[in-house]
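Here is the structure we will look at.
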């Protein structure tokens, strides 16, 4: 359905329990969330970062990496088409050498890769995480950073995506807004104790770019890394107002987005037009 001024764009955030290395079980949880989101009228269902492998399962990245046309994304694509709902596959560990159908940032290695499918199951956007976390994390040692910044129009809304640690780098969001983004999706694996950072940075990116921002986190504990995801998946409007949010347990968060609100806010308070840099 293409949204109109009287028809909101319905967004569902799938805060699923992510079990380390349990790819089959995690994908099943994702598929069930897609089905639930569609049944609640969602135009788009967004999944968290590394929803199939688990962010902190660093030792398993090479064994569980898949190409863009691999099994995990094929199942998500099929679910999108089956349920007639767009889906952001919030990211997988991509085997760049095995990916043969699209351009990659390197001939080998691995990337943290999110893919947006439309309601027909057609791939509309690929985003590889630009900023790789190095603080007490092996991500920056194991992965290749992304290079491309693009948007896609799905269901009448222009969408951009970033991933987790990217929230700390506001210039990336400016580029997405300059590319027309009205909604930015941020699949994440954000752990305790940095709850204040998660909420403040997400809200700030919505306010300063006068766009909808949806921060999609996972739920669950990683014993090897002694890390627990803090959940709190949240949808913010262009004023930074919370439209819908969750606690730290598995949940499906649903919000209706008034697409005209972006233009109204930018017209009423034209901060973006006053930029000098």
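Numbering (the numbering used here), first residue to last: -18 to 258.
Glycine included, every Cβ here is placed at the ideal spot set by N, Cα and C.
What you are looking at is a predicted structure, and each value in this text was computed from that prediction instead of being measured.
Counted as a single uninterrupted DSSP element, the stretch harbouring residue 116 is not any beta strand (DSSP E), since DSSP gives it neither H nor E.
Nearest C-alpha to residue 33 among 127, 177, 23, 46: 46.
Residues 77, 78, 124, 125 of the same chain have their beta carbon placed closer than 8 Å to that of residue 90, with the five preceding and five following residues left out of the count.
Under the three-state reduction of DSSP output, residue 201 falls in the strand class. Excluding its 5 nearest sequence neighbours in each direction, residue 65 has C-beta neighbours in its own chain below 6 Å: 100, listed in chain order.
Ranked by how close their Cα comes to the Cα of residue 60, the residues 14, 75, 144, 195 have 14 in first place.
Listed in chain order, the non-local C-beta contacts of residue 128 below 8 Å within the same chain comprise 86, 109, 111, local neighbours out to five positions each way being set aside.
Exclusion of the five residues before and after residue 120 leaves 113, 114 as the residues of its chain whose Cβ lies within less than 6 Å of its Cβ. The C-beta distance from residue 168 to residue -4 rounds to 11 Å, too long to meet the 8 Å contact threshold. Residue 163 and residue 192 do touch by the CB rule: their CB atoms are close to 6 Å apart, below 8 Å.
In the DSSP assignment, residue 54 falls outside any beta strand (DSSP E) and lies within the alpha helix (DSSP H) extending over 52 to 64. Per DSSP, the unbroken alpha helix (DSSP H) holding residue 151 starts and ends at 151 to 159.
The closest CA to that of residue 186, considering only 142, 236, 37, is found on 142. Taking every protein chain shown into account, the CB of residue 116 has fewer than 16 other CB atoms within 10 angstroms, so this residue is exposed.
Listed in chain order, the non-local C-beta contacts of residue 83 below 8 Å within the same chain comprise 49, 107, local neighbours out to five positions each way being set aside. Its Cα nearest to that of residue 75, the residue 30 stands out among 62, 30, 98. When beta bridges are read from the DSSP output, residue -4 appears opposite 232. Counting of Cβ neighbours within 10 angstroms places residue 250 among the exposed residues, the total staying below 16.
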